[in-house]
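2 protein chains.
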Amino acid sequence: MARTTSKDVARAAGVSQAAVSLVLGDKWRGRVSEPTAERVRDAARQLGYRPNLAARNLRLGRTRTALLVVPALTNEFFARVYTGAARIAAEHGFGVVLYPSPEGIGPARDPFDSAAAALDGVIASSMAADALAAIRGDELPLVMLDSDPDEGPGAATVNLDLADGMRQITDHLLALGHRRFLHIASAISSWTFEVRARALSSALKDIPGAELRTVTTPLSIDASRDATEAALTAPGPRPTALICDDDILAVGACKAARRLGLRIPEDLSVTGFDDLTLATAVDPELTTVRLPAEHVGERGMTALLAVLDGRPANADDLPVQLVVRNSTAPPPAQP
Amino acid sequence: MARTTSKDVARAAGVSQAAVSLVLGDKWRGRVSEPTAERVRDAARQLGYRPNLAARNLRLGRTRTALLVVPALTNEFFARVYTGAARIAAEHGFGVVLYPSPEGIGPARDPFDSAAAALDGVIASSMAADALAAIRGDELPLVMLDSDPDEGPGAATVNLDLADGMRQITDHLLALGHRRFLHIASAISSWTFEVRARALSSALKDIPGAELRTVTTPLSIDASRDATEAALTAPGPRPTALICDDDILAVGACKAARRLGLRIPEDLSVTGFDDLTLATAVDPELTTVRLPAEHVGERGMTALLAVLDGRPANADDLPVQLVVRNSTAPPPAQP
DNA sequence: CGGACGACGTTATACGTAAAACTTCGATCA
DNA sequence: TGATCGAAGTTTTACGTATAACGTCGTCCG
Numbered sequence: 001m002a003r004t005t006s007k008d009v010a011r012a013a014g015v016s017q018a019a020v021s022l023v024l025g026d027k028w029r030g031r032v033s034e035p036t037a038e039r040v041r042d043a044a045r046q047l048g049y050r051p052n053l054a055a056r057n058l059r060l061g062r063t064r065t066a067l068l069v070v071p072a073l074t075n076e077f078f079a080r081v082y083t084g085a086a087r088i089a090a091e092h093g094f095g096v097v098l099y100p101s102p103e104g105i106g107p108a109r110d111p112f113d114s115a116a117a118a119l120d121g122v123i124a125s126s127m128a129a130d131a132l133a134a135i136r137g138d139e140l141p142l143v144m145l146d147s148d149p150d151e152g153p154g155a156a157t158v159n160l161d162l163a164d165g166m167r168q169i170t171d172h173l174l175a176l177g178h179r180r181f182l183h184i185a186s187a188i189s190s191w192t193f194e195v196r197a198r199a200l201s202s203a204l205k206d207i208p209g210a211e212l213r214t215v216t217t218p219l220s221i222d223a224s225r226d227a228t229e230a231a232l233t234a235p236g237p238r239p240t241a242l243i244c245d246d247d248i249l250a251v252g253a254c255k256a257a258r259r260l261g262l263r264i265p266e267d268l269s270v271t272g273f274d275d276l277t278l279a280t281a282v283d284p285e286l287t288t289v290r291l292p293a294e295h296v297g298e299r300g301m302t303a304l305l306a307v308l309d310g311r312p313a314n315a316d317d318l319p320v321q322l323v324v325r326n327s328t329a330p331p332p333a334q335p
Numbered sequence: 001m002a003r004t005t006s007k008d009v010a011r012a013a014g015v016s017q018a019a020v021s022l023v024l025g026d027k028w029r030g031r032v033s034e035p036t037a038e039r040v041r042d043a044a045r046q047l048g049y050r051p052n053l054a055a056r057n058l059r060l061g062r063t064r065t066a067l068l069v070v071p072a073l074t075n076e077f078f079a080r081v082y083t084g085a086a087r088i089a090a091e092h093g094f095g096v097v098l099y100p101s102p103e104g105i106g107p108a109r110d111p112f113d114s115a116a117a118a119l120d121g122v123i124a125s126s127m128a129a130d131a132l133a134a135i136r137g138d139e140l141p142l143v144m145l146d147s148d149p150d151e152g153p154g155a156a157t158v159n160l161d162l163a164d165g166m167r168q169i170t171d172h173l174l175a176l177g178h179r180r181f182l183h184i185a186s187a188i189s190s191w192t193f194e195v196r197a198r199a200l201s202s203a204l205k206d207i208p209g210a211e212l213r214t215v216t217t218p219l220s221i222d223a224s225r226d227a228t229e230a231a232l233t234a235p236g237p238r239p240t241a242l243i244c245d246d247d248i249l250a251v252g253a254c255k256a257a258r259r260l261g262l263r264i265p266e267d268l269s270v271t272g273f274d275d276l277t278l279a280t281a282v283d284p285e286l287t288t289v290r291l292p293a294e295h296v297g298e299r300g301m302t303a304l305l306a307v308l309d310g311r312p313a314n315a316d317d318l319p320v321q322l323v324v325r326n327s328t329a330p331p332p333a334q335p
């Protein structure tokens with residue numbers, strides 16, 4: 001037997017389908033009498049009526065659904081972004097569907113081939129430019145998270161003040177006395193990492209005696225460990241501080257140090273970025289920059305709702321905060 | 001200007017809307033001539049036509065969308081389950097929408113209030129019985145992951161052979177010579193943890209001299225650390241091996257050990273469960289049981305597709321595999 | 001006392017798609 | 001030659017909802 005429709009409820013309550021729609025849609029003041037409304041509500045409850053969303057969406061021309069595009073959900077940062085976005089969405093009767101972007105998922109040509117993709121808008125995180133183009137093709141409202149503001153003219157953006165985070169790291173390390181730095185950078189070319197690199201070199205530019213080398217690596221513990229090990233055994237004076245683009249990279253860097261018999265933080269300081277669960281799971285706990293991932297998701301969803309309402313979206317950068325733990329200390333005395 | 005509809009395409013191609021539907025629906029052999037079909041396809045491409053899914057869903061009475069209910073996406077295990085499910089779904093033109101179950105999300109009364117919840121079926125992971133009841137009320141096809149098979153009579157289930165995993169752990173520890181065990185158990189009361197406890201006590205039942213104590217704790221590093229510390233400083237002979245329900249708990253347990261000046265694995269062996277990224281991030285790397293999380297998601301989605309097709313679903317348990325790393329060793333010599 | 005109005009509904013329509021039922025037209029065949 | 005058939009479409013309908021447009025009746029006021 002088929003699902004119960006508003007027509008079934010109408011029959012049970014002895015009214016027309018339109019009356020059911022009015023009552024359940026909460027738009028009946030002065031249109032339906034209280035006793036009748038009550039009868040309708042009773043019948044609906046009795047029959048376990050649930051409106052057919054496909055029909056409603058078709059009628060209203062909107063779906064109250066947003067698409068969240070993320071690189072990978074298994075990265076805790078993006079899982080937290082989703083959580084924040086979904087909370088705000090739920091408060092406004094919206095749903096959030098995910099699209100893990102880069103080949104993470106099967107043969108769908110683009111996000112909009114997905115069956116669930118009857119969308120009101122899109123929130124895109126750390127988008128590559130080409131994927132962005134595909135999205136902008138469909139003229140859906142778009143909010144970009146943690147992405148180059150210049151890429152998407154006209155689109156709302158929610159950005160973290162990553163440059164300030166990098167500055168806080170360098171201030172901290174410089175104050176401890178470090179001068180020789182190695183930047184463990186993500187090989188992923190995206191705004192979120194490029195801005196770190198720029199902030200880092202600009203922060204060290206005017207420091208006398210400061211040296212900065214860089215090594216890039218895929219975003220995994222093992223890759224970072226190998227890349228760091230290679231860099232640390234290279235000829236020349238050894239850096240005293242490793243500045244990592246991400247906690248995951250920092251964990252790999254720590255593993256490399258351990259392999260080489262270097263103690264952290266006595267022989268080598270290491271910093272992360274993100275403040276994932278990982279950061280406090282390892283020993284020593286990582287000095288890192290805490291990123292308010294849930295807030296990013298919340299602000300992203302809030303911005304999308306604003307855009308859909310034709311309101312302007314708040315465009316301030318979200319502040320980030322250095323968290324000093326046990327992976328940083330003054331550099332060892334000069335040999 | 002509104003989105004282009006099949007009617008627009010029809011006008012551009014000089015045919016009727018029905019012809020467009022036939023051609024694009026790939027059901028036109030013998031109904032439309034090849035030149036006409038090509039004209040329609042051209043027009044569709046030209047106009048960037050994308051079918052309105054709300055309308056299609058309404059017409060067809062199905063949405064090609066499944067709901068995945070998980071406790072928390074920030075737990076890597078469930079993020080991986082999602083990834084697996086979404087991959088299989090995409091291969092079959094399905095979408096997956098998430099419902100983080102336990103109060104994780106706003107005021108939605110139940111999963112089906114969610115705006116995106118126009119569903120063909122449900123995959124529920126680690127469900128509590130009451131939430132399950134709410135779901136079964138709607139007579140949607142249901143697949144249960146890692147849940148008590150007795151709870152959901154008639155529903156398809158995808159289970160891991162967790163009992164075997166626990167047996168592999170005890171075999172390993174017993175072979176190393178351990179006899180005094182402390183079980184760091186999750187305070188969450190669900191099948192997935194209950195089955196571990198049962199398997200553990202039954203495995204130790206017939207071992208002469210084996211002792212088993214248990215302490216329960218919330219599923220977080222800090223909570224586990226505190227609970228473990230308390231248990232290890234309790235009077236009586238100290239256990240030589242900690243068997244943890246989850247890698248997260250194991251990491252907390254390691255922290256407690258470190259606080260108490262105990263070395264792992266020399267003074268104390270520790271085992272985890274899941275084989276998350278965490279397990280190889282910490283030092284020493286954890287001996288743990290690898291759970292094929294992606295496979296769980298894949299099998300869950302495959303089972304749901306089978307149920308929707310009226311085919312029987314594969315009900316075999318998924319095998320799990322002990323991974324021996326550096327957190328286990330023979331117990332210290334008796335004092 | 002007539003008509004304007006409000007309360008309480010109902011009827012009718014549109015949203016965009018898929019597909020069943022129908023039309024037209026030439027070719028085939030007994 | 002008249003019935004039949006297949007190709008190539010078109011016309012029509014249904015899916016379930018929200019809402020605009022339309023009735024009907026009693027009341028109140030000028």
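Respectively, the protein sequence lines represent chains A and B.
For the first sequence, counting from 1, position 41 maps to 41 in the UniProt record's numbering; every step adds exactly one.
For the second sequence, counting from 1, position 171 maps to 171 in the UniProt record's numbering; every step adds exactly one.
Glycine included, every Cβ here is placed at the ideal spot set by N, Cα and C.
It should be emphasised that the depicted structure is a prediction, and the values quoted were computed from it without experimental measurement.
What whole-angstrom Cβ distance do Thr36 of chain A and Ala19 of chain A have, given they're in contact under 8 angstroms? Between Ala19 of chain A and Thr36 of chain A the Cβ distance is about 7 angstroms, and since that is below 8 angstroms, they are a contact.
Which of the residues in the stretch 63-85 of chain B, read from start to end, lie with their CB under 7 angstroms from any CB of chain A? When CB distances to chain A are screened at a threshold of 7 angstroms, the residues of the stretch 63-85 of chain B falling below it are Thr63, Arg64, Thr65, Leu73, Thr74, Glu76, Ala79, Arg80, Tyr82, Thr83, in chain order.
By the criterion of Cβ-Cβ separation under 9 angstroms, what are the contact partners of Asp283 of chain A in chain B? Neighbours of Asp283 of chain A on chain B, chain order: Cys254, Lys255, Arg258, Val282, Asp283.
Residues in the same chain with beta-carbon distance under 6 angstroms from Ala116 of chain A, minus the five sequence neighbours each way, listed in chain order, please. Because the pLDDT of Ala116 of chain A is 48, which lies under 50, any placement of that residue in the model is unreliable, and the question is left without a value.
Along chain A, in chain order, which residues have C-beta atoms closer than 8 angstroms to that of Pro100 of chain B? Neighbours of Pro100 of chain B in chain A, taken as residues at a C-beta separation under 8 angstroms, are given in chain order as Thr83, Ala86.
Among A:Val143, A:Ser327, A:Gln17, A:Leu182, which has the Cα closest to the Cα of Leu286 of chain A? Taking only the C-alpha atoms, the option nearest Leu286 of chain A is A:Ser327.
8 angstroms Cβ cutoff met for Pro292 of chain B and Leu318 of chain B: Contact flag set, yes.
Here's the rule: buried if 16 or more other CB atoms are within 10 angstroms of the residue's CB, otherwise exposed. What is Asn159 of chain B? A residue is called buried once 16 or more other Cβ atoms fall within 10 Å of its Cβ, and Asn159 of chain B is buried on that count.
Could you list which residues in chain A have their beta carbon closer than 7 angstroms to that of Asn57 of chain B, in chain order? Under the 7 angstroms cutoff, chain A gives Ala54.
Would you mind telling me which residues of chain A sit closer than 8 angstroms to Leu278 of chain B, beta carbon to beta carbon, in chain order? Those are Thr277, Leu278, Ala281, listed as they occur along chain A.
List the residues of chain A that Val251 of chain B touches, going by C-beta distances under 7 angstroms, in chain order. Correct list: Ala281.
Below 8 angstroms on the Cβ atoms is my guess for Gly272 of chain A versus Cys244 of chain A; work out the distance and round it to an integer in Å. About 5 angstroms separates the two Cβ atoms, so the contact holds.
Does the pairing of the stretch 172-192 of chain A with the stretch 238-257 of chain A give three or more beta-carbon distances under 8 angstroms? Yes, since at least three Cβ pairs between the stretch 172-192 of chain A and the stretch 238-257 of chain A fall closer than 8 angstroms, the two stretches touch.
Please report the residue range of the beta strand (DSSP E) in which Thr157 of chain B lies. From DSSP, the beta strand (DSSP E) with Thr157 of chain B extends over 156-158.
Pick helix, strand or coil for Ala306 of chain B, following the three-state DSSP scheme. Ala306 of chain B falls in the helix class under three-state DSSP.
Who are the neighbours of Ile264 of chain B on chain A, taking C-beta pairs under 7 angstroms? By Cβ distance, chain A contributes nothing, its closest Cβ being about 11 angstroms from Ile264 of chain B, past 7 angstroms.
Would DSSP call Tyr99 of chain A helix, strand or coil? Residue state, collapsed to three classes: strand.
Residues of chain A with a CB under 8 angstroms from the CB of Ile221 of chain B: which are they? Neighbours of Ile221 of chain B across chain A, judged by C-beta separation under 8 angstroms: Thr277, Thr280, Ala281.
Helix, strand or coil: which one does DSSP assign to His183 of chain B? Reduced to three states, the DSSP call for His183 of chain B is strand.
Coil, strand or helix - Gly93 of chain B by DSSP: Under the three-state reduction of DSSP output, Gly93 of chain B falls in the coil class, being neither helix nor strand.
Where the beta strand (DSSP E) containing Ser269 of chain A begins and where it ends: Run containing Ser269 of chain A: 269-271, per the beta strand (DSSP E) assignment.
Answer with buried or exposed for Glu266 of chain B, where buried requires no fewer than 16 other C-beta atoms within 10 angstroms of its C-beta. Glu266 of chain B counts as exposed, since fewer than 16 other C-beta atoms from the protein chains shown sit within 10 angstroms of its C-beta.
Since Cys244 of chain A sits in a beta bridge, which residues does DSSP pair it with? A:Ile184, per the DSSP bridge assignment.
Let me check one thing: in DSSP terms, what residues is Ser125 of chain B bridge-paired to? In the DSSP output, where bridge partners are listed per residue, Ser125 of chain B has B:Leu145.
Can you pull the DSSP bridge partners for Leu68 of chain A? Looking at the DSSP assignment, Leu68 of chain A forms a beta bridge with A:Leu98, A:Ile123.
For Glu211 of chain B, which beta-bridge partners are listed by DSSP? Beta-bridge pairing links Glu211 of chain B to B:Arg180.
Is it true that the stretch 196-205 of chain B meets the stretch 216-234 of chain B, where meeting means three or more beta-carbon pairs spaced less than 8 angstroms apart? The way I'd put it, the stretch 196-205 of chain B doesn't touch the stretch 216-234 of chain B; fewer than three beta-carbon pairs between them come closer than 8 angstroms.
Quick check on Asp274 of chain A: does DSSP put it in helix, strand or coil? Here Asp274 of chain A sits in strand by DSSP.
Which first and last residues belong to the beta strand (DSSP E) in which Thr288 of chain A is found? Looking at the DSSP string, the run of the beta strand (DSSP E) that includes Thr288 of chain A is 288-290.
Just confirm the distance between the C-beta atoms of Gly300 of chain B and Thr83 of chain B, as a whole number of angstroms; I'd bet it's less than 8 angstroms. Their Cβ separation, rounded to whole angstroms, is 12 angstroms, which puts Gly300 of chain B and Thr83 of chain B out of contact at 8 angstroms.
Shorter than 8 angstroms from the beta carbon of Asp8 of chain A to some beta carbon of chain B? Not closer than 8 angstroms to any Cβ of chain B, the Cβ of Asp8 of chain A fails to qualify, so no.
Exposure label - Gln168 of chain B; buried when at least 16 CB within 10 Å: Label assigned to Gln168 of chain B: buried.
Nearest-angstrom Cβ-Cβ length linking Ser147 of chain B and Trp191 of chain B, presumed shorter than 8 angstroms: Rounded to whole angstroms, the Cβ separation of Ser147 of chain B and Trp191 of chain B is 5 angstroms, and the two are in contact under 8 angstroms.
Helix, strand or coil for Thr216 of chain B? Go by DSSP, reduced to three states. In the structure shown, Thr216 of chain B sits in a strand (DSSP, three-state: E or B).
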